[in-house]
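Below: one structure, written as C-alpha coordinates.
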Amino acid sequence: MADKTLTSRDVVSRLESGMTIGIGGWGSRRKPMALVREILRSDLRDLTVVSYGGPDVGLLCAAGKVRKVVFGFVSLDSIALDPHFRAARQKGAVEVAEYDEGMLQWGLYAAGIRLPFLPTRAGLGSDVLKHNPDLRLVQDPYGTEQLVAMPPLRLDAALVHMNRADAQGNGQFLGPDPYFDDLYCLAADQAFMSCERIVPTAELSAAGHSATIKINRQLVAGVVETPNGAHFTSCVPDYERDEAFQREYVKAAGDPQAWAKFEKRYLSGTEDDYQAAVAARAEEVA
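Heads up, the sequence shown is in numbering that gives the first Met the number 0, so the first residue is 0 and it goes up one at a time.
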(Lines of atoms letter the chains of each structure in order from A and count residues from 1; the text may use other names and numbers.)
(Lines give C-alpha, C1' and ligand atoms only; values in the text may rest on other atoms or scores of the structure.)
Protein backbone atom coordinates (compact mmCIF):
# COMPACT_ATOMS: atom_id res chain seq x y z
CA MET A 1 0.00 0.00 0.00
CA ALA A 2 1.17 3.50 -0.79
CA ASP A 3 3.00 5.61 1.76
CA LYS A 4 1.00 8.85 1.93
CA THR A 5 3.17 10.82 4.35
CA LEU A 6 3.52 14.50 3.50
CA THR A 7 4.61 17.73 5.16
CA SER A 8 2.21 20.54 5.99
CA ARG A 9 3.79 22.57 3.21
CA ASP A 10 3.14 19.70 0.77
CA VAL A 11 -0.53 19.73 1.75
CA VAL A 12 -0.97 23.47 1.27
CA SER A 13 0.85 23.32 -2.08
CA ARG A 14 -2.03 21.10 -3.28
CA LEU A 15 -4.64 23.70 -2.35
CA GLU A 16 -5.67 26.64 -4.51
CA SER A 17 -7.22 30.03 -3.92
CA GLY A 18 -11.00 30.01 -4.30
CA MET A 19 -11.37 26.43 -3.07
CA THR A 20 -14.05 25.18 -0.70
CA ILE A 21 -12.19 23.66 2.24
CA GLY A 22 -13.77 21.70 5.07
CA ILE A 23 -12.01 21.77 8.43
CA GLY A 24 -12.77 19.01 10.92
CA GLY A 25 -12.86 19.06 14.70
CA TRP A 26 -15.42 20.87 16.82
CA GLY A 27 -15.12 24.40 18.22
CA SER A 28 -11.75 24.43 19.92
CA ARG A 29 -11.41 20.65 20.00
CA ARG A 30 -9.05 18.61 17.83
CA LYS A 31 -8.65 21.15 15.07
CA PRO A 32 -5.90 20.66 12.43
CA MET A 33 -4.26 23.88 13.59
CA ALA A 34 -0.78 23.13 12.20
CA LEU A 35 -2.34 22.88 8.73
CA VAL A 36 -4.34 26.06 9.35
CA ARG A 37 -1.15 27.86 10.36
CA GLU A 38 0.49 26.66 7.16
CA ILE A 39 -2.36 28.21 5.19
CA LEU A 40 -1.71 31.47 7.06
CA ARG A 41 1.88 31.38 5.73
CA SER A 42 0.69 30.82 2.16
CA ASP A 43 -0.74 33.14 -0.49
CA LEU A 44 -4.08 31.29 -0.55
CA ARG A 45 -7.15 33.52 -0.42
CA ASP A 46 -10.85 33.74 -1.34
CA LEU A 47 -11.53 30.45 0.44
CA THR A 48 -14.93 29.09 1.36
CA VAL A 49 -14.50 27.40 4.74
CA VAL A 50 -16.97 24.76 5.97
CA SER A 51 -16.58 24.14 9.68
CA TYR A 52 -18.02 23.53 13.09
CA GLY A 53 -15.81 26.49 13.68
CA GLY A 54 -13.33 27.58 16.28
CA PRO A 55 -9.97 29.36 16.05
CA ASP A 56 -9.42 27.78 12.64
CA VAL A 57 -12.10 30.06 11.21
CA GLY A 58 -11.05 33.01 13.36
CA LEU A 59 -7.40 32.95 12.32
CA LEU A 60 -8.22 32.53 8.64
CA CYS A 61 -10.67 35.44 8.81
CA ALA A 62 -8.10 37.61 10.62
CA ALA A 63 -5.58 36.89 7.86
CA GLY A 64 -8.01 37.84 5.09
CA LYS A 65 -8.02 34.34 3.62
CA VAL A 66 -11.78 33.79 3.66
CA ARG A 67 -14.52 34.81 1.26
CA LYS A 68 -17.33 32.76 2.81
CA VAL A 69 -17.93 30.69 5.94
CA VAL A 70 -20.45 27.84 6.03
CA PHE A 71 -20.96 26.92 9.67
CA GLY A 72 -23.09 25.59 12.48
CA PHE A 73 -21.27 27.78 15.02
CA VAL A 74 -17.88 29.44 15.50
CA SER A 75 -17.08 28.99 19.18
CA LEU A 76 -14.06 28.58 21.43
CA ASP A 77 -16.19 26.35 23.70
CA SER A 78 -15.14 27.84 27.05
CA ILE A 79 -15.35 31.28 25.36
CA ALA A 80 -18.60 31.66 23.50
CA LEU A 81 -17.51 33.34 20.26
CA ASP A 82 -14.29 33.55 18.29
CA PRO A 83 -13.46 37.28 18.32
CA HIS A 84 -12.00 37.48 14.82
CA PHE A 85 -14.99 35.77 13.24
CA ARG A 86 -17.36 37.99 15.19
CA ALA A 87 -15.51 41.09 13.96
CA ALA A 88 -15.56 39.83 10.38
CA ARG A 89 -19.31 39.25 10.53
CA GLN A 90 -20.02 42.61 12.11
CA LYS A 91 -18.00 44.35 9.40
CA GLY A 92 -19.58 42.30 6.63
CA ALA A 93 -16.10 41.19 5.59
CA VAL A 94 -17.17 37.61 4.83
CA GLU A 95 -20.22 35.96 3.32
CA VAL A 96 -21.93 33.48 5.61
CA ALA A 97 -24.25 30.51 5.47
CA GLU A 98 -25.35 29.66 9.01
CA TYR A 99 -27.02 26.31 9.40
CA ASP A 100 -28.34 24.20 12.23
CA GLU A 101 -25.60 21.81 13.41
CA GLY A 102 -27.54 18.81 12.14
CA MET A 103 -28.07 20.45 8.77
CA LEU A 104 -24.32 20.88 8.36
CA GLN A 105 -23.83 17.20 9.17
CA TRP A 106 -26.53 16.24 6.67
CA GLY A 107 -24.98 18.46 3.98
CA LEU A 108 -21.60 16.75 4.38
CA TYR A 109 -23.26 13.33 4.32
CA ALA A 110 -25.26 14.20 1.20
CA ALA A 111 -22.05 15.24 -0.53
CA GLY A 112 -20.30 12.08 0.63
CA ILE A 113 -22.94 9.74 -0.79
CA ARG A 114 -23.44 11.90 -3.90
CA LEU A 115 -27.08 12.81 -3.35
CA PRO A 116 -28.66 16.09 -4.55
CA PHE A 117 -30.15 16.67 -1.07
CA LEU A 118 -31.21 14.94 2.12
CA PRO A 119 -34.53 15.68 3.85
CA THR A 120 -34.48 16.93 7.43
CA ARG A 121 -36.72 18.56 10.00
CA ALA A 122 -33.82 20.65 11.28
CA GLY A 123 -34.35 24.31 10.47
CA LEU A 124 -38.13 24.14 10.26
CA GLY A 125 -39.82 26.95 12.18
CA SER A 126 -36.57 28.84 12.60
CA ASP A 127 -34.80 31.82 11.04
CA VAL A 128 -32.39 29.42 9.33
CA LEU A 129 -34.76 29.41 6.37
CA LYS A 130 -35.18 33.18 6.50
CA HIS A 131 -31.43 33.79 6.36
CA ASN A 132 -30.79 31.05 3.79
CA PRO A 133 -33.47 31.79 1.19
CA ASP A 134 -31.85 29.37 -1.27
CA LEU A 135 -32.98 26.44 0.89
CA ARG A 136 -36.02 24.59 -0.43
CA LEU A 137 -38.81 22.56 1.15
CA VAL A 138 -39.87 19.17 -0.17
CA GLN A 139 -42.97 17.14 0.52
CA ASP A 140 -42.76 13.63 1.91
CA PRO A 141 -43.73 11.45 -1.10
CA TYR A 142 -45.31 8.96 1.31
CA GLY A 143 -47.30 11.51 3.31
CA THR A 144 -48.11 15.20 3.71
CA GLU A 145 -45.19 16.46 5.80
CA GLN A 146 -42.93 19.20 4.44
CA LEU A 147 -39.20 18.91 5.12
CA VAL A 148 -36.10 20.96 4.46
CA ALA A 149 -34.08 19.72 1.49
CA MET A 150 -30.49 20.11 2.70
CA PRO A 151 -28.16 20.42 -0.31
CA PRO A 152 -24.78 18.69 -0.41
CA LEU A 153 -21.75 20.55 0.94
CA ARG A 154 -19.21 19.41 -1.59
CA LEU A 155 -15.61 20.12 -0.65
CA ASP A 156 -12.57 20.59 -2.83
CA ALA A 157 -10.43 19.55 0.13
CA ALA A 158 -10.81 18.51 3.76
CA LEU A 159 -8.37 18.98 6.64
CA VAL A 160 -8.73 16.87 9.80
CA HIS A 161 -6.56 16.03 12.82
CA MET A 162 -6.46 12.66 14.58
CA ASN A 163 -4.61 11.24 17.56
CA ARG A 164 -2.90 8.48 15.58
CA ALA A 165 -2.56 7.45 11.96
CA ASP A 166 -0.57 5.05 9.86
CA ALA A 167 1.43 6.01 6.78
CA GLN A 168 -1.29 4.63 4.51
CA GLY A 169 -3.95 7.06 5.75
CA ASN A 170 -5.94 5.16 8.37
CA GLY A 171 -6.78 7.58 11.19
CA GLN A 172 -7.68 6.94 14.83
CA PHE A 173 -9.34 9.12 17.47
CA LEU A 174 -8.62 8.24 21.09
CA GLY A 175 -10.77 10.89 22.74
CA PRO A 176 -14.48 10.85 23.55
CA ASP A 177 -15.84 11.89 20.16
CA PRO A 178 -14.97 11.42 16.47
CA TYR A 179 -16.91 14.60 15.66
CA PHE A 180 -17.67 14.47 11.91
CA ASP A 181 -14.14 14.13 10.57
CA ASP A 182 -15.07 11.04 8.56
CA LEU A 183 -17.87 12.93 6.82
CA TYR A 184 -15.50 15.78 5.92
CA CYS A 185 -13.19 13.25 4.29
CA LEU A 186 -16.09 11.54 2.53
CA ALA A 187 -17.42 14.84 1.16
CA ALA A 188 -14.06 16.01 -0.22
CA ASP A 189 -12.31 15.53 -3.54
CA GLN A 190 -9.09 15.20 -1.53
CA ALA A 191 -8.64 14.83 2.22
CA PHE A 192 -5.52 15.52 4.26
CA MET A 193 -5.07 14.27 7.80
CA SER A 194 -2.61 15.54 10.36
CA CYS A 195 -2.00 13.51 13.49
CA GLU A 196 -0.08 13.54 16.73
CA ARG A 197 1.89 10.47 15.75
CA ILE A 198 2.24 8.16 12.76
CA VAL A 199 2.47 4.56 13.95
CA PRO A 200 2.54 1.09 12.37
CA THR A 201 -0.92 -0.11 11.36
CA ALA A 202 -0.92 -2.88 13.98
CA GLU A 203 -0.42 -0.30 16.70
CA LEU A 204 -3.75 1.33 15.83
CA SER A 205 -5.62 -1.85 16.73
CA ALA A 206 -3.56 -2.27 19.89
CA ALA A 207 -4.33 1.26 21.09
CA GLY A 208 -8.10 1.04 20.86
CA HIS A 209 -11.18 -0.73 19.52
CA SER A 210 -11.42 -0.95 15.76
CA ALA A 211 -14.32 1.53 15.91
CA THR A 212 -11.82 4.23 16.91
CA ILE A 213 -10.09 3.88 13.53
CA LYS A 214 -12.65 6.23 12.05
CA ILE A 215 -10.81 7.47 8.95
CA ASN A 216 -10.37 4.95 6.15
CA ARG A 217 -7.20 5.16 4.08
CA GLN A 218 -9.23 5.14 0.85
CA LEU A 219 -10.52 8.62 1.70
CA VAL A 220 -7.12 10.16 2.48
CA ALA A 221 -4.67 11.74 0.02
CA GLY A 222 -1.98 12.59 2.54
CA VAL A 223 -0.93 12.18 6.17
CA VAL A 224 1.16 14.66 8.17
CA GLU A 225 2.74 13.95 11.55
CA THR A 226 2.35 17.14 13.61
CA PRO A 227 2.98 16.64 17.35
CA ASN A 228 0.98 19.21 19.32
CA GLY A 229 -0.52 20.08 15.95
CA ALA A 230 -3.99 20.80 17.32
CA HIS A 231 -2.70 23.41 19.78
CA PHE A 232 -4.24 25.55 21.21
CA THR A 233 -7.32 23.39 20.79
CA SER A 234 -7.56 20.10 22.65
CA CYS A 235 -6.53 16.68 21.42
CA VAL A 236 -7.72 14.43 24.25
CA PRO A 237 -6.20 12.25 25.68
CA ASP A 238 -2.88 13.59 24.37
CA TYR A 239 -3.55 17.07 25.78
CA GLU A 240 -6.35 19.37 26.85
CA ARG A 241 -7.14 22.77 25.40
CA ASP A 242 -4.57 25.42 26.35
CA GLU A 243 -7.02 27.69 28.15
CA ALA A 244 -4.42 30.29 29.15
CA PHE A 245 -3.18 30.60 25.58
CA GLN A 246 -6.77 30.80 24.33
CA ARG A 247 -7.47 33.69 26.69
CA GLU A 248 -4.33 35.43 25.43
CA TYR A 249 -5.54 34.92 21.86
CA VAL A 250 -8.93 36.46 22.64
CA LYS A 251 -7.46 39.38 24.55
CA ALA A 252 -4.99 40.16 21.77
CA ALA A 253 -7.73 39.99 19.14
CA GLY A 254 -9.45 42.97 20.75
CA ASP A 255 -6.55 45.39 20.23
CA PRO A 256 -4.66 45.93 16.94
CA GLN A 257 -1.32 46.59 18.65
CA ALA A 258 -1.68 43.55 20.90
CA TRP A 259 -2.64 41.44 17.91
CA ALA A 260 0.44 42.61 15.98
CA LYS A 261 2.61 41.45 18.90
CA PHE A 262 0.74 38.13 19.07
CA GLU A 263 1.27 37.57 15.34
CA LYS A 264 4.95 38.46 15.56
CA ARG A 265 5.56 36.10 18.45
CA TYR A 266 3.48 33.12 17.37
CA LEU A 267 2.52 33.34 13.71
CA SER A 268 5.37 35.00 11.84
CA GLY A 269 7.63 31.95 11.54
CA THR A 270 7.51 28.24 10.86
CA GLU A 271 5.56 25.62 12.77
CA ASP A 272 8.74 24.80 14.69
CA ASP A 273 8.97 28.49 15.64
CA TYR A 274 5.34 28.41 16.80
CA GLN A 275 5.89 25.35 18.97
CA ALA A 276 9.08 26.85 20.43
CA ALA A 277 7.22 30.07 21.29
CA VAL A 278 4.41 28.08 22.92
CA ALA A 279 6.94 26.11 24.99
CA ALA A 280 8.73 29.30 26.02
CA ARG A 281 5.43 30.86 27.06
CA ALA A 282 4.60 27.82 29.17
CA GLU A 283 7.93 28.19 31.01
CA GLU A 284 7.29 31.91 31.59
CA VAL A 285 3.92 31.35 33.25
CA ALA A 286 4.94 28.22 35.16
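Where a beta carbon is used, it is the ideal one built from N, C-alpha and C, also for glycine. Since the model is a prediction, treat every value here as computed from it, not as a measurement.
Backbone secondary structure at Ile38 - three-state DSSP
helix
Close beta carbons around Ala69, own chain, < 6 Å, minus the five adjacent residues each side:
Rather than Ala, the amino acid found at residue 69 in this sequence is Val. Contacts found: Val49 and Ala96.
Integer Cβ distance of Ala87 from Val93, believed to fall under 8 Å
5 Å
Residues sharing a beta bridge with Cys194, DSSP
Met161 and Glu224
For Pro175 and Val235, I'd like the C-alpha separation in whole angstroms.
8 Å
Cα-Cα separation between Pro251 and Pro82, rounded to whole angstroms
Correcting the residue identity first, residue 251 is Ala in this sequence and not Pro. For Ala251 and Pro82, the distance between alpha carbons rounds to 10 Å.
Inter-residue spacing [alpha-carbon to alpha-carbon] between Val137 and Ala121:
13 Å
Can you tell me whether DSSP reads Arg98 as helix, strand or coil?
Reading the sequence as shown, one finds Tyr at residue 98 and not Arg. Tyr98: coil per DSSP, three-state reduction.
Val73 versus Thr4 - alpha carbon distance
30 Å
Contact check, Ala190 vs Val222, beta carbons under 8 Å:
no
For Asp42, which of Asn131, His160, Val10 and Lys64 has the nearest alpha-carbon?
Lys64
Please classify Ser12: does DSSP put it in a helix, a strand, or coil?
helix
Among the residues of its own chain, which have a CB less than 6 Å from the CB of Phe231, if the five just before and after it don't count?
Asp241, Phe244 and Gln245
Since Pro82 is in the beta strand (DSSP E), which residue starts that stretch and which ends it?
Element bounds for Pro82: not the beta strand (DSSP E) but the alpha helix (DSSP H), Pro82 to Lys90.
Contacting residues, own chain, Cβ-Cβ under 8 Å from Leu173 (five flanking each side not counted):
Asn162, Arg163, Ala206, Gly207, Thr211, Val235, Pro236 and Asp237
Pull up the DSSP beta-bridge partners for Ile22, would you.
Ser50 and Leu158
DSSP has Gly170 in a bridge; who is on the other side?
Ala164 and Ile214
Is there at least one non-hydrogen atom of the ligand HEM closer than 7 Å to the beta-carbon of Ala33?
By its list of ligands, the structure shown contains no ligand whatsoever, and the ligand HEM lies outside what it can speak to.
Cβ of Gly23 within 8 Å of Cβ of Tyr248?
no
Write down the C-beta distance between Arg66 and Asp45 rounded to the nearest angstrom, noting that I regard them as a contact closer than 8 Å.
5 Å
Give me the Cα-Cα distance between Phe179 and Phe84, rounded to the nearest whole angstrom.
22 Å
Between the stretch 96 to 110 and the stretch 142 to 162, do three or more beta carbon pairs fall short of 8 Å?
yes
To the nearest angstrom, how far is the alpha carbon of Gln89 from that of Ser77?
22 Å
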